[in-house]
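Taking this note's numbering, the leading residue of the sequence shown gets 1343, the next gets one more, and so forth. The block underneath contains the structure these notes are about, expressed in structure tokens.
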Amino acid sequence: MRRASLLLLAPAMLGAQAPAAPRAPASFVIEETTIADVHAAMRAGTLTCRDLVSRYLRRIDAFDKNGPGVNAIVVVAPDALTVADSLDARMRAGGPVGPLHCVPVIVKDNFETKGLATTAGSLSMAAFVPDRDAFQVRRVRAAGAIVLAKSNMAEFAFTPFETVSSILPGYTRNPYALDRVTAGSSGGTAAAVAANFGEVGLGTDTGNSIRGPSSHQALVGIRSTMGLTSRAGVVPLNFAADVAGPMARTVADAVAVFQAIAGHDPDDPATEAARGRAIPSYAASLVADGLRGARIAVLRPAYERPSADDEVLAVFGRAVADLRRAGATVLDSLPMPAVDSLLRVSTGECNRFRYDLETYLAGTSGRAPVKTLDEIVRSRRFHPTIQTRLEYAQRATVPPDSQPGCQAGERRRAALRVALQRAMDAARIDAFVYPTWSNPPRLIGDLNTPAGDNSQVFSPLTGWPAVQVPMGWTRGTLPAGMTFFGRAWSEPTLFKLAYAYEQATRHRRPPSSTPPLR
1343 MRRASLLLLA
1353 PAMLGAQAPA
1363 APRAPASFVI
1373 EETTIADVHA
1383 AMRAGTLTCR
1393 DLVSRYLRRI
1403 DAFDKNGPGV
1413 NAIVVVAPDA
1423 LTVADSLDAR
1433 MRAGGPVGPL
1443 HCVPVIVKDN
1453 FETKGLATTA
1463 GSLSMAAFVP
1473 DRDAFQVRRV
1483 RAAGAIVLAK
1493 SNMAEFAFTP
1503 FETVSSILPG
1513 YTRNPYALDR
1523 VTAGSSGGTA
1533 AAVAANFGEV
1543 GLGTDTGNSI
1553 RGPSSHQALV
1563 GIRSTMGLTS
1573 RAGVVPLNFA
1583 ADVAGPMART
1593 VADAVAVFQA
1603 IAGHDPDDPA
1613 TEAARGRAIP
1623 SYAASLVADG
1633 LRGARIAVLR
1643 PAYERPSADD
1653 EVLAVFGRAV
1663 ADLRRAGATV
1673 LDSLPMPAVD
1683 SLLRVSTGEC
1693 NRFRYDLETY
1703 LAGTSGRAPV
1713 KTLDEIVRSR
1723 RFHPTIQTRL
1733 EYAQRATVPP
1743 DSQPGCQAGE
1753 RRRAALRVAL
1763 QRAMDAARID
1773 AFVYPTWSNP
1783 PRLIGDLNTP
1793 AGDNSQVFSP
1803 LTGWPAVQVP
1813 MGWTRGTLPA
1823 GMTFFGRAWS
1833 EPTLFKLAYA
1843 YEQATRHRRP
1853 PSSTPPLR
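Printed below as a string of structure tokens:
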């Protein structure tokens, strides 16, 4: 993999060159493979972990900075093949390490990864090499996964629309249409997993940053109930809304990762609410007829607006028809006057990035190269497009608990949860559905066409879970996605519905820009 010159600024990125690797046996098809496929081949003796990792490294080398130039990867883990060899030895000695044995993971660059730079997409953080893993990274490694690479992200996760940072030159490109955006801020993870650079990925979602890029790249993305998954070791954007979680090509693979990362973490106080909530087998929810008897409502306030794209709406209409054919009762709308009223309330300004970031930096034991937002601004080591956002954040002089806008926002969140719960209970609704984006991926650099980012309201404001799943295509080759949104702790229900829809429709297909290698 050819390194961008900017990577030389970060000492820990000197291993970004993909290790030389022998070619794996051609009989195993790596493109679009699943965790189950990989494990079946390993049990049959037709695939080793080294073979698998080598094949992914070849694809990164061929397509990320070369060929179509997807530009999703910041750094490849230099020990990936060594770890693969260790896992092969353990497999021969006693079987798989865990349920994610030798699953190559693409990790968004705001997750701490021991020995690899964690930059949050910013040159101001390029020298930060953690001595620990983020909770979720630690969990997937313990389950047998391999951290294969770190992925590009919108700098400090500021934008849901595109993925551009000061760490890599240029944009991360949508592999389905190289002149289109990936969405943000987890666009690097989404592009890499969609292009078959790794098996699964980890992303973060404050407004729409797991689900949005997943929709634009025909992936499954899970935003959990707030507190069911830990954010410890993740560079924050907004602790009141940040959630971290999986991105994958199938519901089953996303759920397998979710199983590994869900649960209580003493380093994230929000997960106190999750004690006793994580269940032993989320995979038990994955039944092909899971839509039969379900009651679902279309969440029209999430996407109905004059700028919504007609083709996206038509694809969503067909998705609703598919839900009904699979046995679900779907209400075309659910009147919720109390919810509508709350959404019109202005809560005022809540400016918490400075406080959350500096709280995080203080917990890095001095390893981060900066300690304050002011240092970052003075350094000018960031993409110029985020300067206004950083300077706005500097205006915060008191913590969120002392800001009237933040306090009013928390009151509205609580009221919105009550209003939605009452509406769902009254109509006996299992979940809502809506298009994850109301418009197709924009052209790179296009700031005029409506973006269609309509997923920043309900799940982030309530803290309730949402699952994005591919629902079809617009313009022939541009992915579109649908979100299942439900009550707190309803992940098993959402997984069941999303899996049944996926199995009934099979919309996922690989991008033509990153074909199989010979």
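Idealized CB from N, CA, C, for every residue including glycine.
- Around the beta-carbon of R1694, 16 or more other beta-carbon atoms lie within 10 Å, marking it buried.
- DSSP, read as helix, strand or coil, puts G1563 in strand.
- In the three-state DSSP reduction, S1493 falls in the strand class (E or B).
- Remark: C-beta atoms of A1491 and A1419 approach each other more closely than 8 angstroms.
- Per the Cβ contact rule, the region 1575-1587 is in contact with the region 1541-1551 (3 or more Cβ pairs under 8 angstroms).
- Annotated as proximal: E1497 and H1725, with beta-carbon spacing under 8 angstroms.
- In the displayed model, M1678 falls within coil according to three-state DSSP, outside both helix and strand.
- In this structure, the CA atom of F1826 is about 10 angstroms from the CA atom of I1564.
- In this chain, M1467 is not harboured by any alpha helix (DSSP H), its DSSP state being neither H nor E.
- For Y1645, the CB contacts under 6 angstroms within the same chain, skipping 5 residues up- and downstream, are Y1776, P1777, S1780, N1796 in chain order.
- Between R1553 and A1808, the beta carbon gap of about 6 angstroms places them in contact (Cβ cut-off 8 angstroms).
- For M1824 and A1661, the gap between their C-alpha atoms comes out near 8 angstroms.
- Between the alpha carbons of P1858 and A1761 lies a distance of about 49 angstroms.
- Secondary structure at I1771: coil, using DSSP grouped into helix, strand and coil.
- Two segments are said to touch when three or more pairs of C-beta atoms, one from each, lie closer than 8 angstroms; by this definition the region 1471-1483 touches the region 1442-1456.
- Taking the CA atoms as reference points, M1433 sits about 29 angstroms from V1562.
- Separation of the CB atoms of Y1513 and T1505 is rounded to 7 angstroms, and the pair is thereby assigned contact status at 8 angstroms.
- DSSP, read as helix, strand or coil, puts R1637 in strand.
- Per DSSP, W1806 has no beta bridge partner at all.
- Counting the other CB atoms within 10 Å of its CB gives K1713 a total below 16, which places it among the exposed residues.
- Per DSSP, reduced to three states, the secondary structure at P1588 is strand.
- Within the same chain, Cβ atoms closer than 7 angstroms to the Cβ of P1802 are found at T1548, G1549, A1583, the five residues on either side in sequence being excluded.
- With a beta-carbon spacing of about 20 angstroms, E1844 and T1531 fall beyond the 8 angstroms limit used to define contacts.
- According to DSSP, Y1513 shares a beta bridge with V1506.
- Where V1449 is concerned, the enclosing beta strand (DSSP E) starts and stops at 1446-1450.
- P1555 and S1528 do touch by the CB rule: their CB atoms are close to 5 angstroms apart, below 8 angstroms.
- Between A1830 and W1815, the C-beta gap is not smaller than 8 angstroms, which leaves the two residues out of contact.
- Ranked by how close their Cα comes to the Cα of F1800, the residues D1651, P1643, R1764 have P1643 in first place.
- DSSP places L1423 within a helical segment (H, G or I) once states are collapsed to three.
- Contact between D1521 and L1785 holds, since their C-beta atoms are separated by about 6 angstroms, short of 8 angstroms.
- The three-state reading of DSSP puts L1429 in helix, counting H, G and I together.
- Shortest Cα-Cα distance from D1427 to any of R1392, L1442, G1437, H1443 involves R1392.
- Between the C-alpha atoms of R1385 and L1442 there is a straight-line separation of about 14 angstroms.
- Taking the C-beta atoms as reference points, G1569 is found nearer than 8 angstroms to A1616.
- Straight-line measurement puts the Cα of A1435 at about 16 angstroms from the Cα of H1381.
- Rounded to whole angstroms, the Cβ separation of N1494 and V1417 is 10 angstroms, and the two are not in contact under 8 angstroms.
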